[in-house]
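The structure under discussion appears below in the form of structure tokens.
Numbering (our numbering), first residue to last: 57 to 358.
Okay, structure coming up:
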């Protein structure tokens with residue numbers, strides 16, 4: 057009798073739990089299944105993202121009339137290398153690519169180090185006025201970039217940096233967004249107990265940052281550096297204002313120099329644009345997977 061009751065209870069327990077396990081399994085199956093419209097949305101998004109690049113190459117490999125021809129051309133022509141050679145003859149394009157590479161790399165590395173230091177200070181160090189200073193940093197993100205151009209140019213002119221590469225590089229070494237990004241990551245991933253344990257072991261503030269905090273937030277810092285690199289590479293307005301000599305042009309200014317005052321050779325301009333885009337495509341192929349992993353890591357931890 058006792059055995060039957062226990063067995064019955066066990067069976068009852070099993071029967072009660074079985075449907076919920078089945079529901080979890082079916083729910084997990086639904087969550088793990090990718091529907092057809094997901095592929096459709098991804099395909100449309102990929103087509104919308106890649107088509108401008110493909111269209112740029114079509115115009116760059118044919119002529120300017122391709123951009124307005126009806127029906128439009130969908131197959132690349134055979135003039136790309138000829139137009140690319142004309143680009144290199146018209147402006148010092150390779151020097152411009154090198155200038156952009158130096159500026160963008162310096163800004164990317166600078167943003168990683170300086171914004172990580174500032175973010176660590178705001179997240180883990182206690183000092184008077186830290187809250188007010190961080191609020192000011194966040195509020196500066198609401199100020200349009202164009203409003204800062206005139207005072208920024210006055211400072212650059214006072215320093216005698218007009219028509220130099222440091223005039224483009226130095227203002228981009230740190231950003232309010234970068235400080236906010238790193239502060240959020242450090243606050244979410246570095247515990248106060250870990251800081252206290254490191255201090256008990258005799259670590260200084262710099263050692264805690266460099267040996268403990270920075271390695272933990274390295275994926276977020278890598279994404280920030282990549283964003284800084286791409287933003288500096290694509291920047292046009294500020295380099296156009298401060299750079300005057302052709303040998304100091306960035307890639308975007310060199311593309312502008314391909315046009316004259318009255319007409320625009322679209323084939324030539326698209327060839328220059330495609331050449332300026334190639335380094336970014338190579339960079340994305342090399343580090344794209346790591347960039348996506350860093351963004352997802354920040355999305356879950358932030």
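The beta carbon of each residue, even a glycine, is placed where N, CA and C say it ideally should be.
Asked                                                                                                              : Found
Minimum length 3: unbroken beta strand (DSSP E) runs contained in the segment 236 to 321                           : none
DSSP state of residue 98 mapped onto helix, strand, coil                                                           : helix
With 16 other Cβ atoms within 10 Å as the buried cut-off, status of residue 247                                    : exposed
Under 8 Å between C-beta atoms of residue 288 and residue 302                                                      : no
Local Cβ density within 10 Å of residue 155, reported as buried at 16 or more and exposed below that               : buried
Residue 346 versus 320, 294, 337 and 279, residue with shortest Cα-Cα distance                                     : 279
Simplified DSSP state of residue 346, which is helix, strand or coil                                               : helix
Proximal residues to residue 118 (C-beta, below 8 Å), its chain only, five neighbours per side dropped             : 129, 132, 133, 135 and 323
Own chain, CB closer than 6 Å to residue 193, minus 5 neighbours either side, in chain order                       : 232 and 235
DSSP-derived helix/strand/coil call for residue 335                                                                : helix
Three-way DSSP call (helix, strand, coil) for residue 183 in this model                                            : coil
Outcome for residue 167 when other beta-carbon atoms lying within 10 angstroms are tallied against a minimum of 16 : buried
Selection from 337, 325 and 348 that minimises the alpha carbon distance to residue 141                            : 325
Validate contact between the segment 260 to 272 and the segment 290 to 304 using beta carbons, cut 8 Å, 3 pairs    : no
Cβ neighbour criterion (16 or more within 10 Å) applied to residue 224                                             : buried
Contact the segment 325 to 340 vs the segment 179 to 193: 3+ CB pairs below 8 Å                                    : no
Among 169, 148 and 100, nearest to residue 271 - alpha-carbon criterion                                            : 169
Residue 216 in three-state terms, based on DSSP                                                                    : coil
Bounding residues of the alpha helix (DSSP H) (the contiguous stretch that carries residue 225)                    : 221 to 225
Under the three-state DSSP convention, the category residue 163 falls into                                         : helix
Residue 124 burial status per 10 Å Cβ neighbour count (16 or more: buried)                                         : exposed
Alpha-carbon spacing of residue 89 relative to residue 95, whole angstroms                                         : 12 Å
Rounded distance between the beta-carbons of residue 281 and residue 165, thought under 8 Å                        : 6 Å
Residue from 239, 213, 220 and 311 whose Cα sits closest to the Cα of residue 187                                  : 239
Contacting residues, own chain, Cβ-Cβ under 6 Å from residue 307 (five flanking each side not counted)             : 152, 153, 156 and 332
Helix, strand or coil at residue 207 [DSSP, three-state]                                                           : helix
Reduced DSSP category for residue 153 - H, G, I as helix; E, B as strand; rest coil                                : helix
Residue 229 vs residue 163 beta-carbon contact at 8 Å                                                              : yes
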